[in-house]
Amino acid sequence: MGYQDRPTQLLADAKGRVKKLATVLLTALPMLTVVSVATGLSGCGFQLRGYDAPLHFDVAKTALIIEDNRISFPLKLPLTRRLEALGVDVIDNNTANSSTNSATSNTGVEQIATINVKNVRFKRYELVGVLTEIRLVLSAEVTYQTIQEGKSVTLTNPIQVERSYQYNEASVSTDDQQGSQIRDWLYDSLSRRITDQYVAISLPKMSPASTNKSSQLIKNPANKSQVTTIVAPDS
1 MGYQDRPTQL LADAKGRVKK LATVLLTALP MLTVVSVATG LSGCGFQLRG YDAPLHFDVA
61 KTALIIEDNR ISFPLKLPLT RRLEALGVDV IDNNTANSST NSATSNTGVE QIATINVKNV
121 RFKRYELVGV LTEIRLVLSA EVTYQTIQEG KSVTLTNPIQ VERSYQYNEA SVSTDDQQGS
181 QIRDWLYDSL SRRITDQYVA ISLPKMSPAS TNKSSQLIKN PANKSQVTTI VAPDS
């Protein structure tokens, strides 16, 4: 009897393994689908987050004006890198003046956008206890000037970024290395905020008619058997 029951037990074990394998595959299927979709969008030139591809601006050149002091100047490099990564031709104020004079002498007007960063300053707040909590705040006043639909547009915004950290005064050296790293992070964070605002006001705007037409196309496709899906980069 024991030998007769053994094939039945083996068959039951095999069915159990197959069932477990099927469960694992079904569980992993949604994750594989998400990865495949993300890879497909990236391969087609779309990015799920950020601005990883060069963008097209109405004004090709942008003059970056930053005060020449020890607090403001460290912002110039990360901000220039972020703008150039988006396809912005960043020039300094002297180059902008030379280009304008050259264009005027040739009876042509070259359009140059500007980003003017002023009043860059740090504020430091301390909450003293067993561990001292430091809150560093970096702020600036940023003026953007560009061209939208052939008209000059000027916008001024105050921007502020901050970050907190803790340390034990008795266990650290006189040099606050963590505070130095936080300052670098704040400069990079401020440059990212400035870049995001510049992109928001500088990219060509889609007209309401075009927007309504696109929405209507998605809701009511001409061919009922084929629905068109429009995927746009995340702003």
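Per full-length UniProt numbering: the sequence shown = residues 1 to 235. Built from N, CA and C at the ideal position, the CB exists for glycine as well.
- Going by DSSP, Leu-127 is part of the beta strand (DSSP E) stretching over 112–127.
- With a beta-carbon spacing of about 6 Å, Ile-194 and Leu-79 fall inside the 8 Å limit used to define contacts.
- Within the same chain, and ignoring the five residues on either side of Leu-64 in sequence, the residues whose Cβ sits closer than 6 Å to its Cβ are Val-90, Ile-115.
- With a threshold of 16 other beta carbon atoms within 10 Å, Tyr-198 meets it and is buried.
- Linking Arg-121 to Asn-157 through their CA atoms gives a straight-line distance of about 15 Å.
- A straight-line Cα-Cα distance of about 18 Å links Glu-67 and Lys-123.
- About 6 Å separates the beta carbons of Val-153 and Thr-146, which is inside the 8 Å limit, making them a contact pair.
- In terms of CA proximity to Val-88, Lys-61 leads the group Lys-61, Arg-192, Arg-17.
- Contact check for Ile-134 against Arg-163 fails: the beta carbons are separated by 7 Å or more.
- One thing to note: Leu-127 has its Cβ no nearer than 7 Å to the Cβ of Val-161.
- Assignment of Arg-70 by DSSP, reduced to helix, strand and coil, places it in the coil class.
- Exposure of Ala-200 is indicated by the presence of fewer than 16 other C-beta atoms within 10 angstroms of its C-beta.
- Buried is the label assigned to Lys-76, since at least 16 other Cβ atoms lie within 10 Å of its Cβ.
- Going by DSSP, Asp-188 is part of the alpha helix (DSSP H) stretching over 177–202.
- Per DSSP, the continuous beta strand (DSSP E) segment holding Ala-140 begins and ends at 132–148.
- Around the beta carbon of Phe-73, fewer than 16 other beta carbons sit within 10 angstroms, so the residue counts as exposed.
- CA-CA distance, Tyr-167 to Leu-136, rounds to 13 Å.
- Apart from sequence neighbours up to five positions away, the residues of its chain that approach Ser-202 with a beta-carbon distance below 6 Å are Phe-57, Thr-146, ordered along the chain.
- One Cα belongs to Leu-190, the other to Val-130, and the distance between them is close to 31 Å.
- With contacts defined by Cβ atoms closer than 7 Å, Lys-118 and Glu-149 do not form a contacting pair.
- In this structure, the beta-carbon distance from Gln-178 to Tyr-165 falls below 7 Å.
- Non-local beta-carbon contacts of Asn-93 in its own chain, meaning distances under 7 Å to residues more than five positions away in sequence, involve Ala-63, Ile-65 in chain order.
- The C-beta separation of Arg-81 from Arg-192 comes to about 11 Å, leaving the pair out of contact by the 8 Å criterion.
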